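Enquirer: With the working numbering applied, the sequence shown corresponds to residues 61 to 194, in that order.
Please find one structure pasted underneath; my questions will follow.
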Amino acid sequence: MFGGKNEKASVNLSTVTNVTNAFTESTKMIGDITTDNDIRIDGELKGNLDCKGRVIIGPQGKIEGTIVCQNAIIEGQFIGDIKVKELLSLKETASVTGDIKTDKLNVQPGAYFTGKCEMAGQKLKPVMEKTPNA
């Protein structure tokens, strides 16, 4: 796993419950991550992230790959496709390049996004016309 430069890692972080996994700013990883818990990335990840909890990309964090998760908060940089089952929040320092599929999207002023966005779970309420009283 930590051998040569071209070696990809695959890590399963699902053995501990009710914790937040964290990558510090000095951590760089190439490979795929699977976890049942929340994860915070302040370092760099090149690979896919499958998380049954919340993903947080900190202000110095960078992910290139695909993310599938329950909820996500992006403050740093993300390049790739992301599928969020509930809420995706793009903070003012976020930079997202790629396609988004989510139920709900919250974008703060200053956030950068380029790509396609699909909000699959939202139901629009029908607009009712007002009728004049007779």
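Note that the Cβ used here is the ideal one computed from N, Cα and C, for glycine as well.
From a predicted model like this one, the values you see are computed outputs, not experimental measurements.
#1: Rounded to a whole number of angstroms, what is the C-alpha to C-alpha distance between V115 and F83?
#2: Can you name, in chain order, every residue of its own chain whose Cβ lies under 6 Å from the Cβ of S74, other than the five neighbours on each side?
#3: Please confirm whether D110 has its beta-carbon closer than 8 Å to some beta-carbon of chain D.
#4: If you drop the 5 nearest sequence neighbours on each side, which residues of the same chain put their C-beta closer than 6 Å to that of I133?
#5: Would you list the residues sitting across from G50 in a DSSP beta bridge?
#6: Please report the residue range of the beta strand (DSSP E) in which S155 lies.
#7: What does a CB cutoff of less than 7 Å around L165 pick up in its chain, not counting 5 residues either side in sequence?
#8: If you draw a straight line from the C-alpha of Q168 to the C-alpha of G158, how long is it?
#9: Run the CB neighbour count on G175, radius 10 Å, all protein chains shown included, and call it buried at 16 or more, exposed below.
#10: Excluding five sequence neighbours on each side, which residues of the same chain lie with their C-beta closer than 8 Å to the C-beta of D98?
#11: Exposed or buried, T87, counting other C-beta atoms within 10 Å across all chains shown (16 or more means buried)?
Expert: Result, derived from the coordinates:
#1: Within the sequence shown, numbered from 1, the residue matching residue 115 stands at position 55. Within the sequence shown, numbered from 1, the residue matching residue 83 stands at position 23. C-alpha separation (whole angstroms): 12 Å.
#2: Sequence index remark: in the sequence shown, residue 74 carries index 14 (1-based). At S74, the pLDDT of 48 sits below 50, so the modelled position is not reliable; the number obtained from the coordinates is stated separately. Once the five neighbours on either side are set aside, the close Cβ partners of S74 are T95, D96.
#3: Of the protein chains in the structure, only one exists, and it is not chain D.
#4: The sequence position of residue 133 within the sequence shown is 73, counting from 1. Around I133: I116, S149.
#5: Past the boundaries of the shown model lies residue 50; the chain is included only from 61 to 194, so the question cannot be answered.
#6: Within the sequence shown, numbered from 1, the residue matching residue 155 stands at position 95. That run of the beta strand (DSSP E) goes 155-157.
#7: Residue 165 sits at position 105 when you count from the first residue of the sequence shown. Correct list, in chain order: L148, C177, M179.
#8: The count along the sequence shown starts at 1 and reaches residue 168 at position 108. The count along the sequence shown starts at 1 and reaches residue 158 at position 98. A direct Cα-to-Cα measurement between Q168 and G158 gives close to 18 Å.
#9: In the sequence shown, the residue the question calls residue 175 occupies position 115. So G175 counts as exposed.
#10: Position 38 of the sequence shown, counted from the start, is the residue given in the question as residue 98. A distance below 8 Å between beta-carbons, with the five flanking residues on each side excluded, links D98 to the following residues of its chain, in chain order: V79, T80, N81, C111, G113, R114, V115, I116.
#11: Numbered from 1 along the sequence shown, position 27 holds the residue referred to as residue 87. T87 comes out exposed.
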